[in-house]
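K.L.:
Here the protein sequences line up with chains A and B, keeping their order. So that you can map any letter, position 237 of the first sequence is 248 in our numbering, and since no number is skipped, the others follow by simple counting. So that you can map any letter, position 27 of the second sequence is 38 in our numbering, and since no number is skipped, the others follow by simple counting. Note that CB positions come from ideal geometry on N, CA and C, so glycine has one too. If you're wondering where the values come from, they're calculated on a predicted model, not measured in any experiment.
There are 2 protein chains.
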Amino acid sequence: MSASFPCFTDYATRFRASVDAALSARCPHAEGSPARLTAAMRYALLAPGKRLRPMLALLATEACGVEPERAMPAACAVEMVHAYSLVHDDLPAMDDDDLRRGRPTCHKEFDEATAILAGDALLTLAFEVLATEVRPPETAAACCAALAQAAGRCRLVGGQADDMHPPQADRLDPEVGLEALEAIHTRKTGALIRASLQLGGLCAGASARQLAALDRYGRCVGLAFQIADDLLDVMSNTYALGKKVGKDAAQGKLTFPGLLGMEPSRRRAEHLIDDACEALAPFGPPADGLASLARFVLERNR
Amino acid sequence: MSASFPCFTDYATRFRASVDAALSARCPHAEGSPARLTAAMRYALLAPGKRLRPMLALLATEACGVEPERAMPAACAVEMVHAYSLVHDDLPAMDDDDLRRGRPTCHKEFDEATAILAGDALLTLAFEVLATEVRPPETAAACCAALAQAAGRCRLVGGQADDMHPPQADRLDPEVGLEALEAIHTRKTGALIRASLQLGGLCAGASARQLAALDRYGRCVGLAFQIADDLLDVMSNTYALGKKVGKDAAQGKLTFPGLLGMEPSRRRAEHLIDDACEALAPFGPPADGLASLARFVLERNR
Chain A
12 MSASFPCFTD YATRFRASVD AALSARCPHA EGSPARLTAA MRYALLAPGK RLRPMLALLA
72 TEACGVEPER AMPAACAVEM VHAYSLVHDD LPAMDDDDLR RGRPTCHKEF DEATAILAGD
132 ALLTLAFEVL ATEVRPPETA AACCAALAQA AGRCRLVGGQ ADDMHPPQAD RLDPEVGLEA
192 LEAIHTRKTG ALIRASLQLG GLCAGASARQ LAALDRYGRC VGLAFQIADD LLDVMSNTYA
252 LGKKVGKDAA QGKLTFPGLL GMEPSRRRAE HLIDDACEAL APFGPPADGL ASLARFVLER
312 NR
Chain B
12 MSASFPCFTD YATRFRASVD AALSARCPHA EGSPARLTAA MRYALLAPGK RLRPMLALLA
72 TEACGVEPER AMPAACAVEM VHAYSLVHDD LPAMDDDDLR RGRPTCHKEF DEATAILAGD
132 ALLTLAFEVL ATEVRPPETA AACCAALAQA AGRCRLVGGQ ADDMHPPQAD RLDPEVGLEA
192 LEAIHTRKTG ALIRASLQLG GLCAGASARQ LAALDRYGRC VGLAFQIADD LLDVMSNTYA
252 LGKKVGKDAA QGKLTFPGLL GMEPSRRRAE HLIDDACEAL APFGPPADGL ASLARFVLER
312 NR
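#1: Could you give the DSSP three-state label for B/P115: helix, strand or coil?
#2: Which whole-angstrom value is the C-beta distance of B/Q171 and B/K199, which I expect to be below 8 angstroms?
#3: List the residues of chain B that A/E9 touches, going by C-beta distances under 8 angstroms, in chain order.
#4: Between the C-alpha atoms of B/G284 and B/L225, what's the straight-line distance to the nearest angstrom?
#5: Check whether the Cβ atoms of A/L304 and A/F121 lie closer than 7 angstroms to each other.
#6: State the Cα-Cα distance for the pair A/P148 and B/D244, rounded to the nearest angstrom.
#7: Run through DSSP, which three-state label would B/L356 get?
#8: To the nearest angstrom, how far is the alpha carbon of A/M246 from that of B/R64?
#9: In this structure, how does DSSP classify B/A23 when only helix, strand and coil are distinguished?
#10: Spatial neighbours of A/L141 within its chain, please: CB distance less than 7 angstroms, with the 5 preceding and 5 following residues excluded, ordered by chain position.
#11: Is it a yes or a no for the segment 89 to 108 of chain A touching the segment 27 to 35 of chain B, going by three-plus beta-carbon pairs under 8 angstroms?
#12: If you run the structure through DSSP and keep just helix, strand and coil, what is A/T249?
#13: Under 7 angstroms, CB to CB, which of the residues in the segment 161 to 173 of chain A have a partner in chain B?
#14: Between B/G188 and B/L270, is the Cβ-Cβ spacing less than 7 angstroms?
#15: Express the C-alpha separation of B/R25 and A/H282 in angstroms, rounding to a whole number.
#16: Name the chain A residues that come within less than 8 angstroms of B/R111, Cβ to Cβ?
#17: Along the chain, where does the alpha helix (DSSP H) that runs through B/A137 open and close?
#18: Quick check on DSSP: helix, strand or coil for B/M105?
#19: Any C-beta of chain A within less than 7 angstroms: which residues of the segment 90 to 106 of chain B qualify?
#20: Using the Cα positions of A/S235 and A/G300, report the straight-line distance between them to the nearest angstrom.
#21: For a contact meaning CB atoms closer than 8 angstroms, what does B/G76 contact in chain A?
#22: CB-CB under 8 angstroms to B/C165, same chain, minus the five flanking residues each way: which ones, in chain order?
#23: I'd like to know whether the C-beta of B/R47 is nearer than 7 angstroms to at least one C-beta of chain A.
#24: Any heavy atom of the ligand ADP closer than 6 angstroms to the beta-carbon of A/G211?
#25: With DSSP as the reference, label A/G300 as helix, strand or coil.
#26: Cβ of B/I204 within 7 angstroms of Cβ of B/G163?
#27: From the beta carbon of A/F294, is the nearest beta carbon of chain B less than 7 angstroms away?
#28: Touching or not, the segment 62 to 78 of chain A and the segment 204 to 214 of chain A, by the rule of three or more beta carbon pairs under 8 angstroms?
#29: Round the Cβ separation of B/C117 and B/Y22 to the nearest angstrom and send it over; I've been treating them as touching at under 8 angstroms.
#30: Taking the straight line between their C-alpha atoms, what separation do you get for B/Y95 and B/A41?
#31: If you count every other CB in all the chains shown that lies within 10 Å of the CB of B/N248, and 16 or more means buried, which is it?
#32: Output needed for B/V308: all residues of its chain with C-beta closer than 8 angstroms, excluding positions within five of it in sequence on either side, in chain order.
#33: B/R47 and A/H176: beta carbons closer than 7 angstroms?
#34: Considering only the beta carbon of each residue, do B/G76 and B/P297 sit closer than 7 angstroms?
#35: Helix, strand or coil for B/P65? Go by DSSP, reduced to three states.
#36: Within 7 angstroms (strictly less), CB to CB, does B/F138 reach chain A?
Below, the structure is given as structure tokens:
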């Protein structure tokens, strides 16, 4: 499977620089925005990262046979929502993390009030970008709706809330635990990944059938991504991952390797990636980018 | 001026019950949204309050000769943003308030993580409501853009950030202090008030000239509202206002009465209200509601 790795890095190289330039251009230091607030927003938004969600949006547009550049505002919007959610999740009242991507978290680098406000402003900016840049307005409104639903109380925020106050369930029963775990991550990680693909599809004027195929791909990749992340938490060291390692286990959080074991978790992720790639078949070669990205999810921890 | 009070309460009675019903209907307990999160959102959103911003949106639509009901989704959206901003502003890392509208603040009633997430979810829900309910889509996109700009880093969030970390200025010099104070409140309170009127106008299909007139009204009313609020902070007692009184002064915050004195502050507010009402002249009788509401701003602390 390692043959796909160079292919993915081709895509990544092609897109990442332009994504970062586009993100930076949409969040400049500007008169009217307090300098410290803007600095915190840029610190969070332009942090080293995979830019997975923007790439999914751009590659979804490409899969539909449209220039990926068309989805750049949407790509920036999903990354802004992702960045905001990380800033708020890291807060002392939430996951209380000091490190993120190898650097101090936003509230450590700045202060707690600034971090809360920077998150708020990034979330708001995401909708401003969609509403003012996506054309035609029907598509802008559809993108705002899809992103708001993915980021809202039933999905992204709801998943984090459940993570903070897990619903009562017999967490020692593997079946119940697995269901609860998938429910949290389908929302917490999966929702925004699926939204990235939907927004990319919407920007390309995708058909209902194409949107459904992209959603199936997104569901599978999102869950596989979370499993891979859990595996990384167990396997990596602080230097490589840039965050406290084994923290999930130490906090008694549900994880896939914790519930299923390492190898079954890995196999499950592989099946999900196969499923994801199957969903892409109708798109043909324009979906090669999405296929490579899916396979890369597994490469990360080999 | 007290003659206008019964007139305003007519309007208020007419609209408030329907606003509260509309807010409640858009934030129900729902499968997928954690019960504690939804409860915190509803606690903040349906708290006793004036519903000033929804009323401004509805009355702006009415001023343009359109059924106010047309602006109900926009009215709900601005109140959601207002409620979110209060929840986040009250947090321990921000203004650290225990009481709001006579009740425990959201993080006191629930917990800090839930309050942060409830604020996030209310902000997100505002855009969902606009994007999915406002018609036609051109208007939905325009409303999302206007609300995002008002709520963003250059205005609502920017004002709060400056409030937390005031820009360096000679705060003892009354002229500099007044300018800094107006700059903070033009953004912190004024931006959302102006946006409420713009959204109401947009939902009514207002002309550019009508939107400009509504904006002039909004600028004046927004600032007058803040001056009246500062006066209330000095004059009221905890029972009447439902929050810690004299807190602004105790925290050394800039206020209008602190910089100008009580009577000059009151006169300034009165001039602003006269200005606001003058801006309404071209609308004729359909703008009577907005005129009454403007005058009510001053009645509150007589």
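P.N.:
According to the structure shown:
#1: Here residue 115 of chain B refers to the residue found at position 104 of the second sequence. Residue state, collapsed to three classes: strand.
#2: Locating residue 171 of chain B in the second sequence gives position 160, where the first residue counts as 1. Locating residue 199 of chain B in the second sequence gives position 188, where the first residue counts as 1. Yes, B/Q171 and B/K199 are in contact; Cβ-Cβ is about 6 angstroms, under 8 angstroms.
#3: The question about residue 9 of chain A has no answer, for chain A in this structure spans 12 to 313.
#4: The residue labelled residue 284 of chain B in the question sits at position 273 within the second sequence. The residue labelled residue 225 of chain B in the question sits at position 214 within the second sequence. Here residue 284 of chain B is Ile; the residue named in the question, Gly, does not match the sequence. Rounded to whole angstroms, B/I284 to B/L225 spans 13 angstroms at the Cα level.
#5: Position 293 of the first sequence, counted from the start, is the residue given in the question as residue 304 of chain A. Position 110 of the first sequence, counted from the start, is the residue given in the question as residue 121 of chain A. Result no, Cβ atoms of A/L304 and A/F121 do not sit closer than 7 angstroms.
#6: Numbered from 1 along the first sequence, position 137 holds the residue referred to as residue 148 of chain A. Numbered from 1 along the second sequence, position 233 holds the residue referred to as residue 244 of chain B. In a straight line, the C-alpha of A/P148 is about 44 angstroms away from that of B/D244.
#7: In the structure as shown, chain B begins at 12 and stops at 313. Residue 356 of chain B is therefore absent and cannot be evaluated.
#8: One-based indexing of the first sequence puts residue 246 of chain A at position 235. One-based indexing of the second sequence puts residue 64 of chain B at position 53. C-alpha separation (whole angstroms): 52 angstroms.
#9: By one-based count along the second sequence, residue 23 of chain B stands at place 12. Residue state, collapsed to three classes: helix.
#10: Taking the first residue of the first sequence as position 1, residue 141 of chain A is located at position 130. Correct list, in chain order: P84, A85, A88, A151, C154, C155, L158.
#11: no
#12: The residue given as residue 249 of chain A occupies position 238 in the first sequence. Bear in mind that a pLDDT of 45 at A/T249, under 50, signals an unreliable position, so the model cannot answer this.
#13: A162, G163, R164, C165, V168, G169, Q171, A172, D173
#14: On the second sequence, residue 188 of chain B is found 177 positions in, with the first residue counted as 1. On the second sequence, residue 270 of chain B is found 259 positions in, with the first residue counted as 1. Yes, the Cβ-Cβ distance between B/G188 and B/L270 is below 7 angstroms.
#15: Stepping through the first sequence from its first residue, residue 282 of chain A is reached at position 271. Stepping through the second sequence from its first residue, residue 25 of chain B is reached at position 14. Their backbone Cα atoms lie some 59 angstroms apart in a straight line.
#16: What you label residue 111 of chain B is simply residue 100 of the second sequence in a count that begins at 1. In chain order: nothing, as chain A lies at least about 17 angstroms away.
#17: Taking the second sequence and counting its residues from 1, the one referred to as residue 137 of chain B is at position 126. That run of the alpha helix (DSSP H) goes 123 to 144.
#18: Position 94 of the second sequence holds residue 105 of chain B. Coil.
#19: H99, L102, A104, M105
#20: For the purposes of this step, residue 235 of chain A is taken as residue 224 along the first sequence, with counting starting at 1. For the purposes of this step, residue 300 of chain A is taken as residue 289 along the first sequence, with counting starting at 1. The sequence shown places Ala at residue 235 of chain A, not Ser. If you take the alpha carbons of A/A235 and A/G300, they lie about 17 angstroms apart.
#21: As a first step, residue 76 of chain B must be located in the second sequence, where it is residue number 65. Under the 8 angstroms cutoff, chain A gives no residues; its nearest Cβ is about 24 angstroms from B/G76.
#22: As a first step, residue 165 of chain B is located in the second sequence; it is residue number 154 there, counting from the start. Around B/C165: R198.
#23: Within the second sequence, numbered from 1, the residue matching residue 47 of chain B stands at position 36. Chain A, which has a Cβ nearer than 7 angstroms to the Cβ of B/R47, makes this yes.
#24: Absence of the ligand ADP from the depicted structure is noted, as is the absence of any ligand whatsoever, leaving it without description.
#25: As a working note, residue 300 of chain A is residue 289 in the first sequence. Correct three-state label for A/G300: helix.
#26: Counted from its first residue, the second sequence places residue 204 of chain B at position 193. Counted from its first residue, the second sequence places residue 163 of chain B at position 152. Not closer than 7 angstroms, so no.
#27: Along the first sequence, read from residue 1 onward, the residue named residue 294 of chain A stands at position 283. No, A/F294 lies away from the interface with chain B (no Cβ there is under 7 angstroms from its Cβ).
#28: yes
#29: Counting from 1 along the second sequence, the entry for residue 117 of chain B is found at position 106. Counting from 1 along the second sequence, the entry for residue 22 of chain B is found at position 11. So it is not a contact: roughly 29 angstroms between Cβ atoms.
#30: In the second sequence, residue 95 of chain B corresponds to position 84, counting from 1. In the second sequence, residue 41 of chain B corresponds to position 30, counting from 1. Cα to Cα, B/Y95 sits roughly 19 angstroms from B/A41.
#31: Taking the second sequence and counting its residues from 1, one reaches residue 248 of chain B at position 237. Any reading at B/N248 is ruled out, since the residue's pLDDT is 48, under 50, leaving its predicted position unreliable.
#32: Sequence index remark: in the second sequence, residue 308 of chain B carries index 297 (1-based). Hits under 8 angstroms: V232, A235, F236, A239, A280, I284.
#33: As a working mapping, residue 47 of chain B is identified with position 36 in the second sequence. As a working mapping, residue 176 of chain A is identified with position 165 in the first sequence. A contact, by the Cβ cut-off of 7 angstroms.
#34: In the second sequence, the residue the question calls residue 76 of chain B occupies position 65. In the second sequence, the residue the question calls residue 297 of chain B occupies position 286. Result yes, Cβ atoms of B/G76 and B/P297 sit closer than 7 angstroms.
#35: Taking the second sequence and counting its residues from 1, the one referred to as residue 65 of chain B is at position 54. Helix, per DSSP.
#36: On the second sequence, residue 138 of chain B is found 127 positions in, with the first residue counted as 1. Chain A contact via Cβ: present.
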